[in-house]
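>
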Amino acid sequence: MLWTTALLLSPLLGILILTFLPRESKRLLQTVGVLVALVPLVLALLMYAQFDRDAEAMQFDGSVPWFAIPIPGGMGQGFVFEYTVGVDGLSMALILLTAIVSFVVVLAAVHLAERVKAFLMLLFLLEAGLLGTFVSLNLLLFFLFFELVIVAMYFLISFWGFRERESAGIQFLLYNGIGSLILLLALIVLLLHTGTLDFLQLQSMLGNEQYRTMAGLGDPLRWGVLLAILAAFAVKLPVVPLHTWMIRVNQEAHPAVVMLESGLVLKIGGYGMMRLGVGLFPDLMASLGSLLAILGLVNLFYGGFLALVQQDLRRVLAYASVSHMGIVLLGLAAMNASGWQGVIFQLVSHGLLSPLLFYILLIIYLRTGTTRLDELGGLIRVMPVLSGVFLAAAMGYLGLPLMSGFVSEFLTFHGLFDRLPGFAAVGVLGMILTAAYLLRAMQGITFGPLIPRLQEGGVNDVRVLEFIPAIALLALVLLLGVIPSVLGDPLQNTLQSLLLRLGG
Amino acid sequence: MGMETQVETKLHPVLSYDWGLMAPELVVLVTAILVLVCDLLLPRKNPRRFLGAFAVLGVLLAMALMIAHLGGEPKEILGEQFRMDAFSQAFKLIILAAVAFSLVQIIYDGGRKEADTRAEYLYLMLTAALGAMIMVSSADLIPMYIGLETMSIASYIMAGIRKRDVKSNEAAFKYIVYGGAASAALLYGFSFIYGLTGSTNLYTIGERLPEAWNSGYSFILMIGFGLMLVGFGFKVSTVPFHMWAPDVYEGSPIPTVSFLSVASKAAGLAMMMRVFFLAFYGDLMESKLPAIGWLLSIVAAASMIIGTTTALHQVDVKRLMAYSSIGQAGYLLVPFAMMSTLMFDQMLFFLVAYLLMNLGLFTVLLVVGQSGDTNLRIFAGLYRRSPWLALAATLFLLSLAGFPFTAGFFGKFYILLGTLAMGNWWLPVLMAVTTVISYAFYFKIVRQMYLRVPAVADRLKVPPVLGLLILFAAVGNLVLVVYPGLAFDLMHQYFPVIQQFFTPATPAL
């Protein structure tokens, strides 16, 4: 528990340190920011090194009493809430992702023109919220961190970015606010029927049919709670038609913020569906396979086709995310080990690739002042290195072998063919769309005639320092593609135990 | 109607009662008188700031006396005319804490040019506090009404204390007209109840009402109930009796608004609970007027909806906070409409959180709006002018919006929990929806603070005492977050409201 708590508190400590630094000295702030971001990263890596791949139970876990709501005249202690944390394969993957992407975004923050201090503080607040969401095993705690993410993200969106960022922030707040309050109501209903919000206790209680009958948790009620939970995470993921906030945010927020949003915040959706949906209601989830597959296909194709016609790279990448989150739903729908591995791989892979692409976008924007496809062209001639990375990232995104995107898509469709071959066959066609829209965007930006503005010169390729974040992300993409077992092995046991609950 | 009395109230000679029970009230009264006398004797030029400190000390002493008596058995004086039980103690502590906030605000409100009314303002505030205290510590219609009027008349004057300000005058006038009508309705409602039961003692009324209800007077009783609802709804500012709030909040000086939004609301709520629960419910399990729960649910729902949706369009901070307080009153009424055994705890927890966040925000407003302007724009660029103040204001606003890691969240969580436990679905859903809508207008102020350029860029000076007050509200809020159990344990141990509320007390002799 010490490890997990230290991990949780380390970004908060960073906020405390930053508070006392002057906001004018940008260099100092950046140095401290990098050092602070290193702490959770190192902690997460150390945890990964110690992670026992053969254990089925939660690791680094522990529990401390927090508070109780007594019931006047009632028996017992009333409702007891505990600070309970723990890590399994599922959360380990996302903790690592969070620590890595946060670190990279701190590096990318050199491109911020103003308010570096506020940015770093909010980033660490967001990181704490995300880590808390991934390690909490008490659902009240989970919810609190889940909402903390929303607050931090709202400020990040509204402070930096483009003209309409404030209304994008409000839209984000309202969509996600509705989502999280639905989740809260569902959690309270669970609490009232079981008397606890402890995840592991809930898991064993809800898995026991006798207990369910005793506690009055009939199937209609369980369906209601499950659907509410899924709806809440569907806003986050986002599932079409709840995706509009995400497009706005991708378009209006600062690309560095979008790196966080697209790379990390969306991942809560997938994680929540796995943890709360599959974890607590395995039997009901199993019967949702086709529905999830349909939603996945809708996401995949809707996002893909719209990405194909966008005129702005920001919107292309936004719809690409919608499309790729469809793969997460398809993987979930497979209801087998391969499909679920695909889900986690896809979350992590997209969590690395999307920030990478948005980082490249940021640099393009800084150099040329635009991200519109029709205003750009021939970048490969003035920025060959950046264009090379762009190409590599696009290849990863569209699932070229030896890149992380390939592993996740392969696993997902491998799983889905086993279970719902018809859907899988249609879904594979969607992969072609990815290639189409990414190549179209590439063509518009890197190839073709050089636009007049760039012919005058003065546009430099990436500098070495600027290059580090991109290379770091790309290296990880390749690592996952070449040695998928670094991520796959820790997942094995966690997914196996989830599958056992599914009853086959 | 020829009914035999079951609740025996035996009156003892006046002087044989232990009047020490009323020590907190007496301390407030004496403080008010001393402030008044000092005001007469002091030379005109004296700014009278120290009188404010004296008044605050008086209130703190009253609170200390109250705390010293916590946890005892319920006692009464003169047949429930004055009653000391966990319910009245809890509400009195909330009221006194809120009044302490207002008193400190008065010291800093208006600067030098308002010095000639400062002492006046102070003793009116103390008088209003006294009225509120009597309202919550009586179980008899007559003293309750006297307390209500004491509080109301003092607050009418406090609304208009800025004699040279047209808006303040307008606020006072509107408040007195609306308030007079509401009081009249309330008194008229009382008269029906009295006429049918022949008593003003609420426990006696509770005993006798079922008979009246069953012998063909149910319609008249409903009229009485409706009229009382008008009177109480006015004080608590629930829809549809909320019209006064935005105008009065806008025109009145901030200490008055602070008082109206928390102390006055809490006192009105407490009186409402006493009258309705003791007279109509008798016992939680069998409601004598089943329609009441429904009626209250509708009032609560309407307050939430109208409060939050109307607040969306406001550009004046005080008006915005008026609508916000209407919405919050809706949340406060939910446990009341549900009548679960958790209802008192829910309401008290929410009130404490509400006190900290609302009064914290009004104190920030006092610092920011020194010029007297209360347009949202005054918050522009506050983050640059005073980062800590902006941070505190953000905490209060997030708390009002009910975001996690604030006391407001636990307040709402607790109410949602109790409401869902009673099997009600639509009120929690409505609470959730209005909460999300409320993000839009609370974040309007947040946006001003962080994203707008200030009209004057100079650093904002925060008077140390006001800074301390804001710090207190913020820390209190955070304590409830880190360890909400503290509040639950304290309530459980020292405020066994539900055990004491429904039974007559023993005379204090």
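So the sequences go chain by chain: A and B. Going by the numbering used here, the first residue of the first sequence is number 1, and it counts up by one from there. Going by the numbering used here, the first residue of the second sequence is number 1001, and it counts up by one from there. Even for Gly, the Cβ is constructed at its ideal location relative to N, Cα and C. Keep in mind it's a predicted model, so treat the numbers as computed, not measured.
1. If you measure beta-carbon to beta-carbon, which residues of the segment 1429-1442 of chain B are closer than 9 Å to chain A?
2. Pick from B/ALA1139, B/ARG1384, B/ILE1292: whose alpha carbon is nearest that of B/PHE1082?
3. Considering only their Cβ atoms, is the gap separating A/GLY304 from A/ILE422 smaller than 8 Å?
4. According to the Cβ coordinates, are B/LEU1427 and B/ALA1302 closer than 8 Å?
5. Does the Cβ-Cβ distance between A/GLN310 and A/HIS324 come in under 8 Å?
6. Sort out for me which residues DSSP pairs B/PRO1075 with in a bridge.
7. Checking the sheet assignment: what are the DSSP bridge partners for A/PRO65?
8. Are the segment 1425-1441 of chain B and the segment 1352-1368 of chain B in contact at 8 Å, needing three or more beta carbon pairs?
9. Quick check on A/VAL505: buried or exposed, where buried means 16 or more other Cβ atoms within 10 Å of its Cβ?
10. Could you give the residue range of the alpha helix (DSSP H) that holds B/MET1158?
11. If you follow the alpha helix (DSSP H) that B/LEU1187 is part of, which residue opens it and which one closes it?
12. Could you check where the alpha helix (DSSP H) with A/SER354 kicks off and where it finishes?
13. May I ask you to verify whether the segment 1124-1133 of chain B touches the segment 1150-1166 of chain B, counting CB pairs closer than 8 Å and requiring at least 3?
14. Taking its Cβ as the centre, do 16 or more other Cβ atoms sit within 10 Å of B/LYS1163, making it buried, or is it exposed?
15. Do you know whose CA, among B/GLY1485, B/LYS1075, B/PHE1190, lies nearest A/GLN77's CA?
16. Check each residue of the segment 1333-1350 of chain B: if its Cβ is closer than 9 Å to any Cβ of chain A, include it; give the result in chain order.
17. Under 6 Å Cβ to Cβ from B/LEU1284, same chain only, skipping five residues before and after it: list those, please.
18. Decide if B/ILE1326 is buried, meaning its Cβ has at least 16 other Cβ atoms within 10 Å, or exposed.
19. Buried or exposed: where does B/LYS1092 fall if 16 or more other Cβ atoms within 10 Å of its Cβ makes it buried?
20. Would you call the segment 289-306 of chain A and the segment 368-386 of chain A touching, i.e. three or more CB-CB distances under 8 Å?
21. Could you pull the start and end residues of the alpha helix (DSSP H) that B/ARG1529 belongs to?
22. Can you tell me which of A/TYR154, A/VAL459, A/ALA394, A/THR98 puts its alpha carbon nearest to the alpha carbon of A/ALA128?
23. Counting along the chain, where does the alpha helix (DSSP H) carrying B/ASN1046 start and finish?
24. Along the chain, where does the alpha helix (DSSP H) containing A/ILE483 start, and where does it finish?
25. Using a Cβ-Cβ distance cut-off of 8 Å, determine whether A/GLY216 contacts chain B.
26. What are the boundary residues of the alpha helix (DSSP H) that includes B/ARG1162?
27. Should A/VAL513 go down as buried or exposed, given a rule of 16 or more other Cβ atoms within 10 Å for buried?
28. Would you call A/LYS267 buried or exposed, if buried means 16 or more other Cβ atoms sit within 10 Å of its Cβ?
29. Are any of the Cβ atoms in chain B nearer than 8 Å to that of A/TRP160?
30. Given that a residue counts as buried once 16 or more other Cβ atoms are within 10 Å of its Cβ, and exposed if not, what is B/TYR1017?
31. Does DSSP put A/SER136 in a helix, in a strand, or in coil?
32. Just reading off the alpha helix (DSSP H) that A/SER287 is part of, what are its end residues?
33. Using the three-state DSSP reduction, which class does B/ASP1116 fall into: helix, strand or coil?
34. Any residues in the segment 1438-1468 of chain B with a beta carbon nearer than 8 Å to a beta carbon of chain A? Which ones, in chain order?
35. Per DSSP, what kind of secondary structure is B/MET1003 in: helix, strand or coil?
36. Excluding the five sequence neighbours on either side, which residues of its own chain have a C-beta within less than 6 Å of the C-beta of B/ALA1023, listed in chain order?
According to the structure data:
1. Cβ contacts with chain A: VAL1429, MET1431, ALA1432, VAL1433, THR1435, VAL1436, ILE1437, TYR1439, ALA1440.
2. B/ALA1139
3. It should be noted that the sequence gives Gly, not Ile, for residue 422 of chain A. No. Outside cutoff.
4. no
5. In this structure, A/GLN310 keeps its C-beta atom at 8 Å or more from the C-beta atom of A/HIS324.
6. According to the sequence provided, residue 1075 of chain B is Lys. The question's Pro does not apply to it. According to DSSP, B/LYS1075 bridges with B/MET1084, B/THR1506.
7. BP columns for A/PRO65 point to A/GLU82.
8. no
9. With chain A running from 1 to 504 in the structure shown, residue 505 of chain A is simply not present.
10. 1141-1159
11. Run containing B/LEU1187: 1166-1197, per the alpha helix (DSSP H) assignment.
12. 337-368
13. yes
14. exposed
15. B/GLY1485
16. THR1341, LEU1342, PHE1344, ASP1345
17. Residue confidence is low: B/LEU1284 scores 49 on pLDDT, short of 50, so the model does not pin down where it sits. Its coordinate-derived value is still stated next. Short of 6 Å from the beta carbon of B/LEU1284, and not among the five residues preceding or following it, lie these beta carbons of its own chain, in chain order: MET1339.
18. Counting the other CB atoms within 10 Å of its CB gives B/ILE1326 a total of 16 or more, which places it among the buried residues.
19. buried
20. The segment 289-306 of chain A is not in contact with the segment 368-386 of chain A.
21. Because chain B in this structure spans residues 1001 to 1509, residue 1529 of chain B falls outside the shown range and cannot be described.
22. Taking only the C-alpha atoms, the option nearest A/ALA128 is A/THR98.
23. Counting along the chain, B/ASN1046 falls outside any alpha helix (DSSP H), and DSSP gives it neither H nor E.
24. Per DSSP, A/ILE483 belongs to no alpha helix (DSSP H) and is neither H nor E.
25. Using beta-carbon distances, A/GLY216 does not count as an interface residue toward chain B, since no partner is under 8 Å.
26. It is not in any alpha helix (DSSP H) - B/ARG1162 carries neither H nor E in the DSSP assignment.
27. With chain A running from 1 to 504 in the structure shown, residue 513 of chain A is simply not present.
28. buried
29. no
30. buried
31. strand
32. Run containing A/SER287: none; DSSP gives neither H nor E here.
33. B/ASP1116 falls in the helix class under three-state DSSP.
34. TYR1439, ALA1440, PHE1443, ARG1447, TYR1450, LEU1451
35. Caution is warranted here: a pLDDT of 44 is assigned to B/MET1003, below 50, making its placement in the model unreliable, and the coordinate value is therefore given only provisionally. If DSSP states are grouped into helix, strand and coil, B/MET1003 belongs with coil.
36. LEU1065
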